[in-house]
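Colleague: Using mature numbering (1 follows the signal peptide of the UniProt record, and there is no 0), the letters of the sequence shown map in sequence onto residues -22 to -1, 1 to 440. A virtual CB, placed ideally from N, CA and C, is assigned to each residue, including glycine. Once you've had a glance at the structure underneath, I'll fire off some questions.
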Amino acid sequence: MSSCLIVRLSLLLSFYTSYALAASHTTKHWPRGASTRFYEFKVQKTYVTKLCNRKEIITINGEYWHKNVLKIEKQVLASGGGPPIADAYLINGHPGPLYNCSSNDVYQIDVVPGKTYLLRIINAALNMEHFFSISNHKMTIVEAGGEYMKPFTVDQLMITPGRRPMSLSMPTSPSAEYDMAMGPYMSAPEYSLSRTSQPLRIFQYTGASLTSVGLPAELPSFNDNLAVKSHLDGLRSLNASDLPLEIDNNLFFTIGLNVEKCHSATPNKSCQGPNGGVFAASMNNITFVKPQVALLQAYYDSIQGHFKENFPGVPMKIYDFVNGAPNNFPNDTNSLNDTRVKVLEYGSRVQLILQDTGTVSTENHPIHLHGYSFYVVGSGTGNYNPLTAKLNLVDPPYLNTIGVSVGGWAALRFTADNPGVWFMHCHLEIHTSWGLSMAFLVKNGKGPLETLPHPPSDLPKC
Ligand SMILES: [Cu+2]
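Listed below in structure tokens is the structure:
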């Protein structure tokens, strides 16, 4: 290491107190389910890896609550209202120096000037999409969701929960210190503009020596939809040779939030959603109800009564999805509570339009499909119009999570060649808890290679 000229990248976190002030707002998100256990840690020291001899850096970015997240989940769901904003954002488990009691808790990486580093960035947050940047550095995206992309250079990334972009980064100046930062992206337009610039102001120089220059990382404002759009527009596949050019199933799913009528005898406790209602969410206006028996097991073992096969391929009602919501929406937006799957024949070629709705509030929803990646052949704002939508059938990005733009749409294509039951859901965990999900049931094809295999012998019984 003696010949290494060290540049230290200090990872700072953006946070801002006014976000906490928004805690009663309708579009807050909150943690859910088994995946939250990772977040129950206390702030603790992790080992710093010196990277002179290594080329890959992994950062896992997440959210932190002072309380036990499982308890928070229970409380929030029982309240009918929205979740609290995270108390801190973390990079590799470190909250950074900008919070109380964590002034020395900065994740730092030593890197060599002139070398190019592969950054593997994972958004493990529960309820928030995030921007990510490194001061004075451009990043070249080379992979996302496990698939290589045509190299695409950006100043900042927007990463939805569950996404794992990789980028290449090269320090530009020796003996300097650069901040690396993540900050929330919140697209719901009800968030007031007064909060936009605050994340940029709180970055601090950390640990810079007298001779070094510390540079704060810049992030887009928290509601910079244009930055998100240009990031998505720049993603291109290296090879899209198996992109379906013909379509067997043309599907159209709306995605969005709902409000259910209060049926509680104690509305002050249990109906804290908008206008005294209870928050819900839906796809094609069906709020997914979790079955008592896992869908895959019920299907495989032919256990009746746990799901229906009539998830609609198009919305039951067509209207102006984005602009058609009333300004003062009722406390019952009439979603249907049910457990339904959409059945697909083995090998069928699917186009799926995901359309955000403004029933409660338009918002960017990171939709994730299990069992498949899909080509994102188009995206746009407003209502999807097949006559004017421009589709990229040459080199669309191949992803497994797509942030459907706020008040907009995305067009996905995939071939249903993986038999089984595959969950599709919003990766903002509270939205999934509220029912923004469904499942595809992909039938078997011919022969063992096209047939759902047996469950593993060590499958847990409970
Ligand atoms: Cu969502």
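Per DSSP, which one or two residues make a beta bridge with residue 301?
Modeller: In the DSSP output, where bridge partners are listed per residue, residue 301 has none listed.
Colleague: Tell me which residues share the same chain as residue 103 and place their Cβ nearer than 6 angstroms to its Cβ, disregarding the 5 neighbours each side in the sequence.
Modeller: 40, 41 and 139
Colleague: Measuring CB atoms only, is the stretch 312 to 325 touching the stretch 260 to 280, in the sense that at least three cross pairs come out at less than 8 angstroms?
Modeller: The stretch 312 to 325 vs the stretch 260 to 280: in contact.
Colleague: Just how far apart, CA to CA, sit residue 382 and residue 107?
Modeller: Between the C-alpha atoms of residue 382 and residue 107 there is a straight-line separation of about 12 angstroms.
Colleague: Going by alpha carbons, who is nearest to residue 426 out of 415, 395, 410 and 439?
Modeller: Nearest C-alpha to residue 426: 395.
Colleague: How far does the alpha helix (DSSP H) with residue 247 in it extend, from its first residue to its last?
Modeller: Taken as a continuous stretch (DSSP letters only), the alpha helix (DSSP H) holding residue 247 covers 245 to 248.
Colleague: Which residue's Cα is closest to the Cα of residue 379: 285, 229, 213 and 293?
Modeller: Comparing Cα positions, the closest option is 213.
Colleague: Ligand 1 and residue 343: does any heavy atom of the ligand fall closer than 8 angstroms to the residue's C-beta?
Modeller: yes
Colleague: Can residue 409 be considered in contact with ligand 1, in the sense that its beta carbon sits closer than 8 angstroms to one or more heavy atoms?
Modeller: Yes; taking the cut-off as 8 angstroms, the Cβ of residue 409 has a heavy atom of ligand 1 nearer than that.
Colleague: Once the 5 residues before and after residue 371 are set aside, which same chain residues still bring their CB inside 7 angstroms of it?
Modeller: 221, 223 and 355
Colleague: Mapping DSSP to helix, strand and coil, what is residue 218?
Modeller: coil
Colleague: Please work out which residues of its chain come closer than 6 angstroms, Cβ to Cβ, to residue 136, disregarding the five sequence neighbours upstream and downstream, and give them in chain order.
Modeller: 109, 163, 206 and 209
Colleague: In the structure shown, what three-state DSSP assignment does residue 276 receive?
Modeller: helix
Colleague: Using the C-alpha atoms, what's the distance from residue 71 back to residue 200?
Modeller: 22 angstroms
Colleague: Report yes if the CB atom of residue 299 is closer than 9 angstroms to the CB atom of residue 330, and no otherwise.
Modeller: The answer is no: Cβ separation not under 9 angstroms.
Colleague: Specify the secondary structure class of residue 420 as computed by DSSP and reduced to three states.
Modeller: strand
Colleague: Could you please give the first and the last residue of the uninterrupted alpha helix (DSSP H) stretch that includes residue 410?
Modeller: Residues 407 to 412.
Colleague: According to DSSP, is residue 286 helix, strand or coil?
Modeller: strand
Colleague: Pull up the distance between the alpha-carbon of residue 342 and that of residue 431, whole angstroms please.
Modeller: 36 angstroms
Colleague: According to the neighbour-count rule (16 or more other Cβ atoms, all chains shown, within 10 Å of its Cβ), is residue 277 buried or exposed?
Modeller: buried
Colleague: Decide if the stretch 262 to 269 is in contact with the stretch 412 to 420; the criterion is three or more beta carbon pairs, one per stretch, under 8 angstroms apart.
Modeller: yes
Colleague: Considering only C-alpha positions, which residue in the set 360, 235 and 422 is nearest to residue 411?
Modeller: 235
Colleague: Go to residue 260, then tell me how far its beta strand (DSSP E) extends in each direction, as first and last residue.
Modeller: 256 to 261
Colleague: Can you say whether residue 287 is buried or exposed, counting buried as having 16 or more other CB atoms within 10 angstroms of its CB?
Modeller: exposed
Colleague: I think residue 120 touches residue 126, with their Cβ atoms under 8 angstroms apart; what is that distance to the nearest whole Å?
Modeller: 6 angstroms
Colleague: Taking the alpha carbon of residue 238 as the reference point, which residue from 231, 232, 251 and 226 has its own alpha carbon closest?
Modeller: The option with the nearest alpha carbon to residue 238 is 251.
Colleague: May I ask you to check if the CB of residue 233 is nearer than 8 angstroms to at least one heavy atom of ligand 1?
Modeller: yes
Colleague: Buried or exposed: where does residue 242 fall if 16 or more other Cβ atoms within 10 Å of its Cβ makes it buried?
Modeller: exposed
Colleague: Less than 8 angstroms separating the Cβ of residue 259 from some heavy atom of ligand 1?
Modeller: Correct: residue 259 has its Cβ closer than 8 angstroms to ligand 1.
Colleague: Identify whether residue 396 lies in helix, strand or coil by the three-state DSSP scheme.
Modeller: coil
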